[in-house]
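Asks: In my numbering, the protein residues as written are -17 to 297.
For reference, the structure I am asking about is given below.
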Ligand SMILES: [Zn+2]
């Protein structure tokens, strides 16, 4: 008994297991709920302590009791001071970052010094930012820990970026559909997430653009550290029209956004564009009045050139 009393008198220690509701801290006003049964303060900064001024109630609980270190996207953005790129930060044709004084031309000889003169099957690349820092770690987390909510939250930001770029061409979200670049069934099973689809769902939530799963993909071994040529060979023929679209006309809006998490060499996107264009061909030949949709690329990140050696994420 004496030992029990002693333990009762001890100052409060961090609880060993999850306790609900959490003990109120000194200086914290008791809410209207009485006896600790009230709702947690959703405004977050209810106490005088400076740490509580900046974190929400759920985050406090997670940190204190669950040891979770995986904050939501909005919080990561705040902490890292991340902002989506303005449209002059990347080349609209190939997606690579452009310097402050670098010229990106439009028209027949369009592009930056890296892509001008090259043939690309798409008209425009829309990206959130370069693939590094907080964006890179979020993308890796979406893939590796099947964090769907994070995927759709980052996807929402990409949706806003897409709407901005559509407006630049006098188009609206209703002129476009989103086609997520598929992961193979095997990879989806191994990872527990179809991450491009999770991102596409966020784009749909933010913009109302329909998500159409036009494509399916065979499993091929991961080609990390390969050159563009190796990647192209590896991915060639790996995609096909999803079976449910083989016997019905594929949609032909003004813009089709091929959506993936990261673009590195563009080999995967070329393959996706090839299949989509082949699916349109028959309809275009049958009806000369039809106009082929413009293919756009929507990605969260574009791998920077040579700035991150050994960085071989994405294709
Ligand atoms: Zn370019």
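Cβ coordinates follow ideal geometry from the N, Cα and C atoms, glycine included.
No experiment lies behind these values; they were computed from the predicted model shown.
Under the three-state reduction of DSSP, which class applies to residue 109: helix, strand or coil?
Replies: strand
Asks: DSSP on residue 165, reduced to helix/strand/coil?
Replies: Three-state DSSP puts residue 165 in coil, outside helix and strand.
Asks: Need the endpoints of the beta strand (DSSP E) that residue 257 sits in, please.
Replies: From DSSP, residue 257 is part of no beta strand (DSSP E) but of the alpha helix (DSSP H) over 249 to 268.
Asks: Kindly indicate which three-state DSSP category residue 116 falls into: helix, strand or coil?
Replies: helix
Asks: Indicate, with yes or no, if ligand 1 has a heavy atom lying under 6 angstroms from the CB of residue 93.
Replies: Residue 93 Cβ: within cutoff of ligand 1.
Asks: Start and end of the beta strand (DSSP E) containing residue 240?
Replies: 237 to 245
Asks: Mind checking whether the beta-carbon of residue 183 lies closer than 6 angstroms to any heavy atom of ligand 1?
Replies: no
Asks: Out of curiosity, what's the CA-to-CA distance linking residue 287 and residue 130?
Replies: 28 angstroms
Asks: To the nearest angstrom, report how far apart residue 168 and residue 264 are at their CA atoms.
Replies: 31 angstroms
Asks: Under the rule that 16 or more other beta-carbon atoms within 10 Å means buried, what is residue 242, buried or exposed?
Replies: buried
Asks: Could you tell me whether the stretch 78 to 90 touches the stretch 254 to 272, using the rule of 3 or more Cβ pairs below 8 angstroms?
Replies: Contact fails: fewer than three Cβ-Cβ distances are below 8 angstroms.
Asks: Cα-Cα, which of 251, 213 and 268 is closest to residue 281?
Replies: 251
Asks: Looking only at C-alpha atoms, which of 123, 154, 196 and 171 sits nearest to residue 337?
Replies: Outside the displayed span of the chain (-17 to 297) sits residue 337, for which this structure offers no information.
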